[in-house]
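For the sequence shown, our numbering begins at 609 and goes up steadily by one.
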Amino acid sequence: MQLQEVMAELKALGNKQTVKIYRNHGANGDMYGVKIGDMKKVLRKVKGDQDLAMQLWDTNNSDAMYMAGLLADGSKMTKTQLNHWAKTAWWDMLSECSVPGVASENDDPVSLAKKWMKSKKENVAACGWCTYAAVLSIRPDDELDLAEIKSLLKQVEAEVHDAPNRVRLCMNSFVICVGTYIKPLLRNAKASAKRIGKVDADMGNTSCKIPLATDYIDKVDSMGRVGKKRKTAKC
């Protein structure tokens, strides 16, 4: 399928209620409001088309960009391409879900994550924290720098409450991911979560609530699922 054909299918699948939901979450750019389940039906028709994924991203249409994230193989993308994606992801569904999912597949996702985490741009910094968290969720512990992750927990403790809005949310999620996916650091994550306490942030015109890291980690622990890795960070 060509780009124009895919865009036409996405437009036909647009849903006004989904657009309204995304607007309430702060999305102010171009979108059709395609439900993810419907999008995946189109995705199956173009599976493996890396060039199309790059074209979809550059449309600047939210639905096309999200589909690009599901379609692209991050292991085949250059750092230049991924940096471009991180900079141009214009709302949190893209910067905190799409780009991290793709970047986590790259050969060197941690260096990308750490670079982005230092950015003064809120969306890029948030993308960095979510990318590192995505890596924790899929990579074996022996491929991770546990000492560095401990240091990042301390950084979150020191900075989270004064960080920009979306960065606060993603830092909180990072702590949760450490406690959820890295069993050797469960106690460290629990201790950090306790010291951090409740994280407040603006969730837009929604009823969404920020999960309390202590409660979330305790729940996963009680289920005996700490350390259970995901097959992919994409969703």
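Idealized CB from N, CA, C, for every residue including glycine.
### Pick from 786, 726, 790 that is closest to residue 772, judged by C-alpha positions
What you label residue 772 is simply residue 164 of the sequence shown in a count that begins at 1. Nearest to residue 772 by alpha-carbon distance, out of 786, 726, 790, is 726.
### Task
Give a yes or no on whether the C-beta atoms belonging to residue 841 and residue 742 are separated by under 8 Å.
Taking the sequence shown and counting its residues from 1, the one referred to as residue 841 is at position 233. Taking the sequence shown and counting its residues from 1, the one referred to as residue 742 is at position 134. Contact: yes.
### Query
Can we say the segment 789 to 800 touches the segment 737 to 752, given the rule of at least three CB pairs closer than 8 Å?
In this structure the segment 789 to 800 lies against the segment 737 to 752, because at least three pairs of beta carbons, one per stretch, are closer than 8 Å.
### Message
Within the continuous alpha helix (DSSP H) that includes residue 784, where are the two ends?
### Response
Residue numbering aside, residue 784 sits at position 176 when the sequence shown is read from its first letter. In this chain, the alpha helix (DSSP H) harbouring residue 784 covers 773 to 789.
### Message
Below 8 Å, how does it come out for the segment 816 to 833 and the segment 654 to 662: are there three or more Cβ pairs, yes or no?
### Response
In this structure the segment 816 to 833 does not touch the segment 654 to 662; the number of beta carbon pairs closer than 8 Å is below three.
#### Entry: Segments of 4+ residues assigned as alpha helix (DSSP H) that fall wholly inside the segment 632 to 709
Those alpha helix (DSSP H) runs which fall completely within the segment 632 to 709 and span 4+ residues are 644 to 651, 658 to 665, 670 to 679, 687 to 696.
### Query
From residue 775 to residue 808, what distance separates their C-alpha atoms?
Position 167 of the sequence shown, counting from 1, holds the residue named residue 775. Position 200 of the sequence shown, counting from 1, holds the residue named residue 808. Within the model, the alpha-carbon separation for residue 775 versus residue 808 is close to 11 Å.
### Task
Taking residue 812 as the reference, give the member of 619, 802, 777 with the closest Cα.
Working through the sequence shown from its first residue, we reach residue 812 at position 204. Here the closest residue by C-alpha is 777.
### Query
With distances taken from CA atoms, which of 712, 755, 716 is nearest residue 735?
Within the sequence shown, the letter at position 127 stands for residue 735. Selected option, being the one with the closest Cα: 712.
### Residues of its chain near residue 698, where Cβ-Cβ distance is below 6 Å and the 5 sequence neighbours each way are ignored
One-based indexing of the sequence shown puts residue 698 at position 90. Hits under 6 Å: 637.
### Query
Where does residue 803 fall in DSSP's three states?
As a first step, residue 803 must be located in the sequence shown, where it is residue number 195. Residue state for residue 803 is assigned as helix, using DSSP reduced to three classes.
### Query
With distances taken from CA atoms, which of 631, 611, 641, 758 is nearest residue 623?
Counting from 1 along the sequence shown, the entry for residue 623 is found at position 15. The shortest Cα separation from residue 623 among 631, 611, 641, 758 belongs to 641.
### Task
Thinking residue 592 and residue 632 are a contact (beta carbons under 8 Å), I'd like their distance in whole angstroms, please.
In the structure displayed, the chain extends from 609 to 843; residue 592 sits before or after that span and is not available.
### Message
So, at 6 Å on beta carbons, what are the nonlocal neighbours of residue 703 in its own chain, with the 5 sequence-adjacent residues on each side left out?
### Response
Within the sequence shown, the letter at position 95 stands for residue 703. Within the same chain, and ignoring the five residues on either side of residue 703 in sequence, the residues whose Cβ sits closer than 6 Å to its Cβ are 697, 731, 734, 735.
#### Entry: Rounded Cβ spacing between residue 825 and residue 798 (contact assumed at less than 8 Å)
Here residue 825 refers to the residue found at position 217 of the sequence shown. Here residue 798 refers to the residue found at position 190 of the sequence shown. About 6 Å; that satisfies the 8 Å criterion.
### Task
Put residue 727 into one of helix, strand or coil per three-state DSSP.
By one-based count along the sequence shown, residue 727 stands at place 119. Correct three-state label for residue 727: coil.
### Task
At 4 residues or longer, and completely inside the segment 711 to 755: list those alpha helix (DSSP H) runs for me, N to C.
If one requires a minimum length of 4 residues, the alpha helix (DSSP H) runs lying completely within the segment 711 to 755 are 717 to 725, 730 to 746, in chain order.
### Query
In chain order, what residues of the same chain lie with their CB nearer than 8 Å to the CB of residue 611, ignoring the 5 residues before and after it?
Your numbering for residue 611 matches position 3 in the sequence shown. Within the same chain, residue 611 has close Cβ partners 660, 663, 664, 667.
### Query
Can you give the Cα-Cα distance for residue 717 and residue 739, rounded to whole angstroms?
What you label residue 717 is simply residue 109 of the sequence shown in a count that begins at 1. What you label residue 739 is simply residue 131 of the sequence shown in a count that begins at 1. C-alpha separation (whole angstroms): 7 Å.
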